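The next block holds one structure in the form of structure tokens; read it before the comments.
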Amino acid sequence: MATRTKETERKYEPVDEGLLAGVPGAAVVGSGEELLLDAVYHDTADLRLARSGVTLRRRSGGADAGWHLKLPIKGDARDEIRAKDTKKDAKRVPKELADLVLGLTRGEPMAPVAHIRTRRKRWELLDKDGRVAAELVEDDVEAQALGVNDQTKAWREVEVELVAGGREVFEAVERTLGRPSKSPAKVLRLLEDRLPKRSKAPDRITGYVREQVEEMRRQDLRIRQDAEDAVHQMRVAGRRIRSVLQAYKGSRALREELRWLGTVLGEARDLEVLHGHLREQIDGLPDELVLGNVRQRLTETFVPREQEARAKVTEALRGKRYFALLNRLDNVKLRLHDPKKRLRKTKKRVVKAWRDEANNRGTLHDVRKAAKRARYAAEAAGKEKLARRMKKLTKRLGAHQDSVVARQELRAIGIQSHLDGDNAYTYGLLHGCELGRAEKALRRKV
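In the working numbering, the protein residues as written are 1 to 446.
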């Protein structure tokens with residue numbers, strides 16, 4: 001079974017060992033004996049993990065020998081997921097780790113791409129109470145690329161990894177060692193000549209789309225780790241891309257694939273949100289108004305559907321259709337022609353949707369969808385004032401739409417409760433509360 005830990009570290013240029021020992025609070029571990037670490041890194045032939053800053057290795061030596069998958073979070077922080085060697089085939093990537101990076105490998109096989117040997121000296125940095133605030137190491141590295149060529153490199157580097165201390169430890173260290181270096185992880189440093197350089201976006205709108213594609217990749221990794229809110233965040237990123245493609249006449253086929261993914265993600269997210277909302281509403285009622293097995297019935301109603309929807313997400317994110325969508329997003333291009341005019345048309349669609357709703361030719365939900373498209377199109381173009389206005393409108397209409405869905409569910413649950421001989425009073429009460437929520441949302445000013 002894999003274990004997870006958060007790693008926060010910085011790298012520094014090599015210095016004299018005497019200077020390392022002089023870092024405030026430094027205490028030599030084991031009389032400064034050396035550790036010998038031997039690691040083989042795995043990736044696809046075109047280095048899909050490395051291109052996303054992800055590393056996967058099998059390492060011997062040290063207290064944490066085995067498989068290590070490192071996923072970037074933000075800044076100096078990374079998630080490290082560890083798995084022990086399998087007895088059957090110690091050289092094969094464990095399935096539980098391979099599954100976590102499926103959104104990057106997209107089914108392509110992984111094989112050894114680098115062999116790195118490290119001779120390490122280690123110190124502990126103690127705080128004023130004698131606790132280990134951080135670990136400081138000096139690495140003498142010998143690295144060899146595997147597969148395409150047998151390029152070799154050698155270098156020295158210093159790393160400081162937080163243990164019980166906070167970022168103030170880095171500040172103390174840097175008064176002695178200077179600023180942190182810009183060197184990447186060891187395997188990325190070895191293979192940097194094979195990694196494509198990121199080109200600058202030709203315009204602001206294309207840059208916005210690229211940011212959302214990158215966000216989808218990040219949330220893919222988080223969904224596979226069952227991280228909180230990951231499904232929602234991927235859905236939002238996909239919706240942003242689709243809205244920009246709609247507003248600025250991007251690929252219709254790509255928009256339809258993003259719509260498909262949004263539908264799969266949306267079912268799981270919407271059920272989760274509605275279930276949580278109704279539980280909160282019930283918890284806020286006096287006990288004498290909660291009649292019958294209300295909480296139990298909510299659980300029996302929503303949990304099986306949530307599990308089924310979650311299974312659909314898992315299945316979709318393992319499928320060829322999803323991988324093909326990611327491949328298309330990697331190379332998405334916009335042919336912008338008069339973007340200001342396109343944004344004006346998108347804004348006018350919101351006005352038209354309001355007019356259609358007033359004449360019973362549309363719904364408030366249609367207005368909300370048009371406003372969302374205008375919001376994201378304005379964000380992409382850097383029109384912050386319009387984006388803020390549309391955000392307020394979508395939030396208001398979102399509360400109304402959530403109430404519509406909640407009332408439909410409460411009515412169905414109440415009817416079934418009555419047919420089963422249970423008391424349906426509480427569902428009717430909540431239905432009335434939801435009606436009030438909808439009316440309140442429509443009274444707000446944008």
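Built from N, CA and C at the ideal position, the CB exists for glycine as well.
As the structure is a prediction and not an experimental result, all values here were calculated from the model.
Alpha helix (DSSP H) segments (min. 4 residues) lying fully within the segment 267-343: If we require 4 residues or more, the alpha helix (DSSP H) runs fully inside the segment 267-343 come out as 294-316, 320-330.
Those residues which DSSP pairs with tyrosine 41 across a bridge: As a position in the sequence shown, residue 41 is number 41, starting the count at 1. Answer by DSSP bridge pairing, in chain order: Arg57, Ala114.
Backbone CA spacing between lysine 352 and threonine 426 [nearest angstrom]: In the sequence shown, the residue the question calls residue 352 occupies position 352. In the sequence shown, the residue the question calls residue 426 occupies position 426. Cα to Cα, the separation comes out at about 39 angstroms.
Cβ separation of arginine 235 and glycine 266, assumed to be a contact under 8 angstroms, to the nearest whole Å: Mapped onto the sequence shown, residue 235 falls at position 235. Mapped onto the sequence shown, residue 266 falls at position 266. Arginine 235 to glycine 266, Cβ: 6 angstroms. Contact.
Which of helix, strand or coil DSSP assigns to threonine 363: On the sequence shown, residue 363 is found 363 positions in, with the first residue counted as 1. In this structure, threonine 363 counts as coil in the three-state DSSP scheme.
When Glu434, Asp150, Leu146, Phe323 are compared against glycine 398, the one with the closest alpha-carbon: The residue you call residue 398 lines up with position 398 of the sequence shown. Nearest C-alpha to glycine 398: Glu434.
C-beta atoms of threonine 394 and alanine 371 nearer than 7 angstroms: To locate residue 394, count along the sequence shown from 1; it is residue 394. To locate residue 371, count along the sequence shown from 1; it is residue 371. Yes, Cβ-Cβ distance for threonine 394 and alanine 371 is below 7 angstroms.
DSSP bridge partner residues for threonine 3 (one or two, in chain order): Position 3 of the sequence shown, counted from the start, is the residue given in the question as residue 3. DSSP lists Arg82 as partners of threonine 3.
Span separating the alpha-carbon of glycine 432 from that of glutamine 281: Reading the sequence shown from its first residue, position 432 is the one you call residue 432. Reading the sequence shown from its first residue, position 281 is the one you call residue 281. Computed Cα separation, rounded: 12 angstroms.
The segment 333-346 / the segment 357-368 touching (three or more Cβ pairs under 8 angstroms): no
Leucine 36 to arginine 122 span [Cα, whole Å]: If you number the sequence shown from 1, residue 36 lands on position 36. If you number the sequence shown from 1, residue 122 lands on position 122. Answer to the nearest angstrom: the Cα atoms are 11 angstroms apart.
Same chain, Cβ closer than 6 angstroms to arginine 342, five either side skipped, listed in chain order: Translated into the one-based positions of the sequence shown, residue 342 becomes position 342. Taken in chain order, the residues that qualify are Ala247, Tyr248.
Cβ-Cβ distance between serine 181 and lysine 385 below 7 angstroms: In the sequence shown, residue 181 corresponds to position 181, counting from 1. In the sequence shown, residue 385 corresponds to position 385, counting from 1. The answer is no: Cβ separation not under 7 angstroms.
Residue range of the alpha helix (DSSP H) that includes glutamate 171: By 1-based counting over the sequence shown, the position of residue 171 is 171. Unbroken alpha helix (DSSP H) run through glutamate 171: 168-177.
Simplified DSSP state of glycine 414, which is helix, strand or coil: In the sequence shown, counting from the first residue as 1, residue 414 sits at position 414. Residue state, collapsed to three classes: helix.
Host beta strand (DSSP E) of glycine 107 (start-end): What you label residue 107 is simply residue 107 of the sequence shown in a count that begins at 1. Run containing glycine 107: none; DSSP gives neither H nor E here.
Proximity test, alanine 316 beta-carbon vs the ligand GTP heavy atom, cut-off 6 angstroms: Absence of the ligand GTP is noted for the structure shown, with no ligands found whatsoever.
Coil, strand or helix - glycine 421 by DSSP: In the sequence shown, residue 421 corresponds to position 421, counting from 1. Glycine 421: coil per DSSP, three-state reduction.
Spatial distance of glutamate 228 from aspartate 16 (CA atoms): Looking up residue 228 in the sequence shown gives position 228. Looking up residue 16 in the sequence shown gives position 16. Glutamate 228 and aspartate 16: Cα-Cα distance of roughly 44 angstroms.
Whole-angstrom distance between alanine 133 and glutamate 306, CA atom to CA atom: Here the question's residue 306 lines up with position 306 in the sequence shown. Here the question's residue 133 lines up with position 133 in the sequence shown. Using only the alpha carbons, I get a separation of about 42 angstroms.
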